[in-house]
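Taken in order, these protein sequences are the chains called A and B.
First residue of the first sequence: 1, per the working numbering; consecutive thereafter.
First residue of the second sequence: 316, per the working numbering; consecutive thereafter.
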Amino acid sequence: MTTAALSSASLSKAALFEAQAVKTSARRNRLLSLPALLIIGIFGVLPLIIICVYSFLVAAPYGGVQWQFSTDAYLNFLFQRDIFDDTLQFTPDFLIIYLRSFLFAVVTTVICLLLGFPTAYFMATRPPAQRNWWVLLITIPFWSNLLVRTLAIMFIIRDEGLINNALLALGVIDKPITMLYTNFAIQLGLLYAFLPFMVLPLYSSLEKLDFRLVEAAYDLYATRRQVLWRVIIPLSKPGIVAGCLLVFIPALGAYVTPLILGGGVHLMIGDLIAQQFGSGRNWPLGCAQALILMAAVLVALFFYVRNTSGKVQHG
Amino acid sequence: MAEPRAMDIKDQPGFRSIAVICLLVLYVPVLILMIFSLNSGSLVTHWEGVTLGWYGSAFRNEEFHAAAKNTLIISVTATIVSTICATLAAIGMTRVKPWRGIAAAFMVINLPLMVPEIITAVATLSFFALIAGTLGLNFGIGNLILAHTVFCIPFAYMPIRARLEDMDLTLEYAAADLYATPWNAFRRITLPLLVPGIMSGAALAFIVSFDDFTITQLVAGPGQTTLPLYIWNQIRRPMTPEINAISTILLMVSILFVSVSFLIARRRAK
Chain A
1 MTTAALSSAS
11 LSKAALFEAQ
21 AVKTSARRNR
31 LLSLPALLII
41 GIFGVLPLII
51 ICVYSFLVAA
61 PYGGVQWQFS
71 TDAYLNFLFQ
81 RDIFDDTLQF
91 TPDFLIIYLR
101 SFLFAVVTTV
111 ICLLLGFPTA
121 YFMATRPPAQ
131 RNWWVLLITI
141 PFWSNLLVRT
151 LAIMFIIRDE
161 GLINNALLAL
171 GVIDKPITML
181 YTNFAIQLGL
191 LYAFLPFMVL
201 PLYSSLEKLD
211 FRLVEAAYDL
221 YATRRQVLWR
231 VIIPLSKPGI
241 VAGCLLVFIP
251 ALGAYVTPLI
261 LGGGVHLMIG
271 DLIAQQFGSG
281 RNWPLGCAQA
291 LILMAAVLVA
301 LFFYVRNTSG
311 KVQHG
Chain B
316 MAEPRAMDIK
326 DQPGFRSIAV
336 ICLLVLYVPV
346 LILMIFSLNS
356 GSLVTHWEGV
366 TLGWYGSAFR
376 NEEFHAAAKN
386 TLIISVTATI
396 VSTICATLAA
406 IGMTRVKPWR
416 GIAAAFMVIN
426 LPLMVPEIIT
436 AVATLSFFAL
446 IAGTLGLNFG
456 IGNLILAHTV
466 FCIPFAYMPI
476 RARLEDMDLT
486 LEYAAADLYA
496 TPWNAFRRIT
506 LPLLVPGIMS
516 GAALAFIVSF
526 DDFTITQLVA
536 GPGQTTLPLY
546 IWNQIRRPMT
556 PEINAISTIL
566 LMVSILFVSV
576 SFLIARRRAK
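Now the structure itself:
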C-alpha cells in the first residue's frame, strides 16, 4: 500500500518533472525561429512596408523620393495630368500593360496545364525506378538558371537562329521570319520557363492517385475518356490548382523573359515596374505599380486557399 | 510489362507522346546552347568545328573572374547563414507545442516565395536606398548577401522541415528517457538524422542564390557584378560563343547541385 502510494507519488513527480522539462525546452525551442524571423522581418517584410509608404510620396528628380504626401502615384496609374489646363485625362497605357500581362499569364497557365497534365500523368504511371529519372529530368530545368534558359530560346528564334536557318536551308522561306522581340517570343519564353512549375505539383498529386478507383470506373463500363474526365481529373484537383498558381503568379510578374525576348518594346508588368526605378525615375509610381501587382497575386492566393480548404472538408 | 492488365488501365492515349514532346521542348534549346559553346567559329549561330577554346578564353577573362568571385562570396555566405537560420527555425516550429503566432511565423518564413521577385527586388532596393540615405549605412556587397539570405531561407527551410516531420520521434523520447539533456539529445540523435535534410536545403539555397538575376540586378551597386549579371551585360554586345561557354558552366553548376539534392532526398525515401 505504502510502496504503491510512494511509487505513484514518485511517478507523478517524475511525470511532472518531465512535463516541466518538456515545457521549458519547448519554450526555449520556440526562440530558435527568431534569427530567421528577424532576417526576413527586417530585410523582407520591412521593405514591403517601405514601398507602401513610398507609393504615397512624391518622386525626387533623380530617383528616390521626397517626403511629401501625395496620391499622384495611384492617379498616374490611370490618368495623366494635362500640362496646359491641369485636368486629369484617362490614359490607359499602364492598364493595357497589366491586361496584356494578365493575358500572357493566363495563356501560359492554360497551355502549361494542357502539356503538363499528360506529362505528369505519364510520369506517375511509370514503374518507380523510371519515375525517379523522369522527376529528375523535370527537376533540373525547374532549378536551372532562368536567364540562361531564356537565352537558349533567344538563340533559336533569332533571325539568324536555328529555326530560321533551317527553314532557309530547306527553302521553305526566302527571308527570315522575325520572331524575336515579338509577343510570340514572350509567350514562348514564358511557356518554356514555367512548364516544369506545372508538371512537378501535378506529378506529386497524381502519384498518390488510387488506381483502384480507376479500375472501379472501368468495371462500371466507363470509357477511357470518361475515366479521365470524371475520375482522374477531379481527384487531382489540388495538384491542378497548385500547379496553375505556381505558373500564374511568376508568369504575371515575369521580368527576365520579356526583358530578353521582348526587347524592351513589348513590356510586361515586371519590366514596367523596374523601368520606374531606372530610366523612369519615378519610384512612387513604381511602388504603386508593384503594390497593384501584389494585390492581383493576393487575389490569386485567396482563390487557392478557398479551394484547398474546401478540399479538406471532403477528406 | 509484368502486369499487362494493370498497365493497361493506367494508360491514356497520346499522353506518352506529349510527355516526350515536353521533355524535348525543355532540353533541346539548352542542349543547342551547350553544343554551340564548342563552336570554333566566332559567331554564335554558324557552326564551324569543335573547340574548347571559348572555355579557355572565359577562364582567362578578368571580368569573368571578378563576377565568379562575387557570385561565390554572395552565394556561399547566403547559403551558410540561411541554412543555419532555416535549421533553427524548423526545429523551433516542429519540436514545440504549437505556440501562438506559429501560423504567422510560418507565413513570414514563406513570404519570399509568395511575393513576385520583381516586387521583392524593388522593395529591397528602396530599403537599402532609405537606410543609406537616412542612416548612412551601406554594407557594400553585404547588401546583396542580406537580400539573398532572405529568399534562400524558405528554400532551405522546406526540406529540413520535411525531414523533421518524417523523423521517428521515439528515438528522441528514448534519449530523453535515458537522461540525455535536451542539448545532448539534439546533438547525438536529432542532428545526425537531420543532416540529409540540411544538405538538401543548403544545396537548394545555393542554387537559388547562385542563379538569381532579378533581385541582384536591381540591388547590385557598381562593381558588384555576379555571373548572371555578367551574362546579361554580354547579351547586349555582339556575342561570341564565350557567352555559351559561361552559360554552360552556370547550367552545369545547377545540374550538379540539383542532382545532389535529389539523390539525398531519394536515399531518404528508401
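Backbone N, C-alpha and C define an ideal beta-carbon position, used for all residues, glycine too.
Residue j beta carbon less than 8 Å from that of residue i
i, j, result
"A:ALA251", "A:ALA36", "no"
"B:SER569", "B:ILE530", "no"
"B:THR439", "B:PRO427", "no"
"B:GLY371", "B:GLU363", "no"
"B:LEU533", "A:PHE277", "yes"
"B:ALA520", "B:THR402", "no"
"B:THR541", "B:ALA382", "yes"
"A:LEU95", "A:LEU78", "yes"
"B:HIS463", "B:SER390", "yes"
Residues sharing a beta bridge with residue i, DSSP
i, result
"A:ALA59", "A:VAL65"
"A:LEU88", "A:ARG81"
Reduced DSSP secondary structure (H/G/I, E/B, other) of residue i
i, result
"A:GLN289", "helix"
"A:VAL305", "helix"
"B:VAL430", "coil"
"B:VAL365", "strand"
"B:ASN425", "helix"
"A:ASN165", "helix"
"B:ASN354", "strand"
"A:ILE173", "coil"
"B:GLU487", "helix"
"A:VAL265", "coil"
"A:TYR218", "helix"
"A:SER279", "coil"
"B:MET349", "helix"
"A:TRP134", "helix"
"A:TRP143", "helix"
"B:MET554", "coil"
"B:PRO344", "helix"
"A:ILE253", "First, the residue type needs correcting, since residue 253 of chain A is Gly and not Ile in the sequence shown. Note: A:GLY253 maps to coil in three-state DSSP."
"B:GLN539", "coil"
"B:PHE442", "helix"
"B:PRO413", "coil"
"B:ALA495", "coil"
"B:LEU509", "helix"
Straight-line gap, residue i to residue j (C-alpha atoms, nearest Å)
i, j, result
"A:LEU200", "A:THR178", "33 Å"
"A:GLU207", "A:LEU235", "11 Å"
"A:LEU317", "A:CYS244", "Outside the shown range of chain A (1 to 315) lies residue 317 of chain A, about which nothing can therefore be said."
"B:VAL465", "B:ALA518", "16 Å"
"B:ILE333", "A:GLY64", "49 Å"
"B:GLY516", "A:ALA169", "48 Å"
"A:GLY315", "B:LYS412", "No answer about A:GLY315 holds up, because its pLDDT of 35 lies below 50 and its placement is not dependable."
"A:ASN282", "B:VAL365", "49 Å"
"B:GLN539", "B:ASP527", "13 Å"
"A:ALA242", "A:TYR304", "7 Å"
"B:HIS380", "B:ALA444", "28 Å"
"B:LEU348", "A:VAL148", "9 Å"
"A:GLY116", "A:PRO196", "8 Å"
"A:LEU298", "B:ASN425", "14 Å"
"A:GLN68", "A:THR182", "40 Å"
"A:THR2", "B:ILE468", "In this predicted model, A:THR2 has a pLDDT of only 46, less than 50, meaning its place in the structure is not dependable enough to derive any value."
"B:ALA495", "A:LEU57", "58 Å"
"B:LEU461", "A:ALA217", "54 Å"
"B:PHE470", "A:VAL53", "29 Å"
"A:GLN187", "B:LEU450", "44 Å"
"A:THR91", "A:PHE84", "16 Å"
Same chain, Cβ closer than 7 Å to residue i, neighbours up to 5 away in sequence not counted
i, result
"B:GLN261", "No information on residue 261 of chain B is available, as it lies outside the stretch 316 to 585 that chain B covers here."
"B:ALA405", "TYR472, ILE475, ARG476, LEU479"
"A:LEU191", "THR108, ILE111, CYS112"
"B:VAL345", "LEU566"
"B:ALA317", "Note that B:ALA317 scores 46 on pLDDT, short of 50, meaning its location in the model is unreliable and no value can be drawn from it."
"A:GLN89", "PHE79, GLN80, ASP82"
Neighbourhood of residue i by C-beta, 6 Å cutoff - its chain only, sequence neighbours within 5 removed
i, result
"A:TYR320", "With chain A covering only 1 through 315, there is no way to say anything about residue 320 of chain A."
"A:ALA73", "SER55, PRO284, LEU285, ALA288"
"B:ILE456", "GLN539"
Cβ shell of residue i (< 8 Å), same chain only, five flanking positions each side left out
i, result
"B:ARG581", "none"
"A:LEU213", "VAL231, LEU235"
"A:LEU209", "ALA124, ILE232, LEU235, SER236"
"B:ILE546", "ILE558, ILE561, SER562, LEU565"
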